[in-house]
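Taken in order, these protein sequences are the chains called B and F.
Number 112 marks the last residue of the first sequence (my numbering); no jumps.
Number 223 marks the last residue of the second sequence (my numbering); no jumps.
We put the beta carbon where it would ideally sit given N, CA and C, even for glycine.
It should be emphasised that the depicted structure is a prediction, and the values quoted were computed from it without experimental measurement.
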Amino acid sequence: GQNIDQPTEMTATEGAIVQINCTYQTSGFNGLFWYQQHAGEAPTFLSYNVLDGLEEKGRFSSFLSRSKGYSYLLLKELQMKDSASYLCAVADYGGATNKLIFGTGTLLAVQP
Amino acid sequence: SQTIHQWPATLVQPVGSPLSLECTVEGTSNPNLYWYRQAAGRGLQLLFYSVGIGQISSEVPQNLSASRPQDRQFILSSKKLLLSDSGFYLCAWSRGLGELFFGEGSRLTVL
Chain B
1 GQNIDQPTEM TATEGAIVQI NCTYQTSGFN GLFWYQQHAG EAPTFLSYNV LDGLEEKGRF
61 SSFLSRSKGY SYLLLKELQM KDSASYLCAV ADYGGATNKL IFGTGTLLAV QP
Chain F
113 SQTIHQWPAT LVQPVGSPLS LECTVEGTSN PNLYWYRQAA GRGLQLLFYS VGIGQISSEV
173 PQNLSASRPQ DRQFILSSKK LLLSDSGFYL CAWSRGLGEL FFGEGSRLTV L
């Protein structure tokens with residue numbers, strides 16, 4: 001079956017660093033995505049990992065270990081606007097396309 | 113550039129009424145198209161995806177259906193809504209194995 005786990009909520013302070021973890025057990029694996037979703041809005045793409053290691057993009061970095069079924073999203077120099085839900089999604093190949101299987105998301109609250 | 117639009121943005125429907133949500137993509141051809149649903153406090157659940165006109169794959173058995181009458185048009189329908197159909201419906205597109213780009217979402221409340 002498909003199982004993607006991430007913490008439900010996290011709180012961090014403005015200017016700090018926060019790490020959001022994601023573990024997965026899926027029948028297929030074609031990469032792992034992280035999306036950001038502000039309340040009432042559609043998700044927006046943050047990062048994609050298909051090979052083991054760290055991908056850095058500005059203040060955001062994402063890490064993947066396929067052997068451990070584990071990923072994390074690292075947010076540095078937190079800003080108030082980073083308060084949002086962060087969704088981990090595993091891509092499972094579904095015949096000419098990726099089917100993204102999403103976790104329930106981690107609601108991050110950034111406090112002053 | 114590519115854009116995706118879905119409508120209506122918000123709707124309130126009585127139980128047993130029909131539903132039609134429409135999604136169109138502009139600026140690309142032969143996109144892969146998806147319908148997701150997000151219930152309150154829950155993750156995104158994949159409902160349907162399509163890799164071409166008339167080709168629909170269903171992920172979850174339910175009283176919803178999807179159709180793709182044109183290359184860049186994806187429609188989500190129901191003949192009779194249930195209370196449990198309430199949620200935030202998101203249309204998305206992708207190229208092959210790439211990332212998903214989401215529409216603005218349609219919030220459905222079934223009373």
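C-beta contact flag for F/L202 and F/S218 at 9 Å: Contact flag set, yes.
Residues of the segment 59-72 of chain B with Cβ closer than 8 Å to any Cβ of chain F, in chain order: Taken residue by residue, none of the segment 59-72 of chain B has a beta-carbon sitting less than 8 Å from a beta-carbon on chain F.
In DSSP terms, what B/I4 is bridged to: Residue pairing by DSSP places B/I4 opposite B/Y24 in a beta bridge.
Per-residue burial, B/K99 [other beta carbons within 10 Å of its own, 16 or more giving buried]: Buried, since its Cβ has 16 or more Cβ neighbours within 10 Å.
Whole-angstrom C-beta distance between F/R180 and F/I168, which should lie under 8 Å: Their Cβ separation, rounded to whole angstroms, is 6 Å, which keeps F/I168 and F/R180 in contact under 8 Å.
Residues in the segment 28-55 of chain B having any Cβ partner in chain F nearer than 9 Å: If you check each beta-carbon in the segment 28-55 of chain B against every beta-carbon of chain F, the ones closer than 9 Å belong to N30, G31, F33, Y35, Q37, G40, E41, A42, P43, T44, F45, Y48.
With 16 other Cβ atoms within 10 Å as the buried cut-off, status of F/G199: Classification of F/G199: buried, given that the 10 Å Cβ count is 16 or more.
Spatial distance of B/C88 from B/G28 (CA atoms): Distance between the alpha carbons of B/C88 and B/G28: 15 Å.
Bridge-paired residues (DSSP) for B/A89: For B/A89, which the question treats as bridged, DSSP gives the partners B/F33, B/F102.
Helix, strand or coil at B/K57 according to DSSP, with G and I counted as helix: Correct three-state label for B/K57: strand.
Partner residues on chain F for B/N3, Cβ-Cβ distance less than 9 Å: Residues of chain F whose Cβ lies closer than 9 Å to the Cβ of B/N3 do not exist; the shortest such Cβ separation is about 12 Å.
Cutoff 7 Å; reference B/T26; Cβ partners in own chain excluding five residues on either side: Same-chain partners within the cutoff: Q2, V90, D92, I101.
Rounded C-alpha distance that separates B/T13 from B/T44: The alpha-carbon atoms of B/T13 and B/T44 are separated by roughly 23 Å.
Neighbouring residues, chain F, relative to B/K57 (Cβ below 9 Å): Simply none; closest approach about 13 Å.
Rounded separation between F/N175 and B/Y35 - CA only: So the two alpha carbons sit approximately 28 Å from each other.
N- and C-terminal bounds of the beta strand (DSSP E) containing F/N175: Careful: F/N175 lies outside any beta strand (DSSP E) and carries neither H nor E.
Local Cβ density within 10 Å of F/S196, reported as buried at 16 or more and exposed below that: With fewer than 16 other CB atoms across the displayed protein chains lying within 10 angstroms of its CB, F/S196 is exposed.
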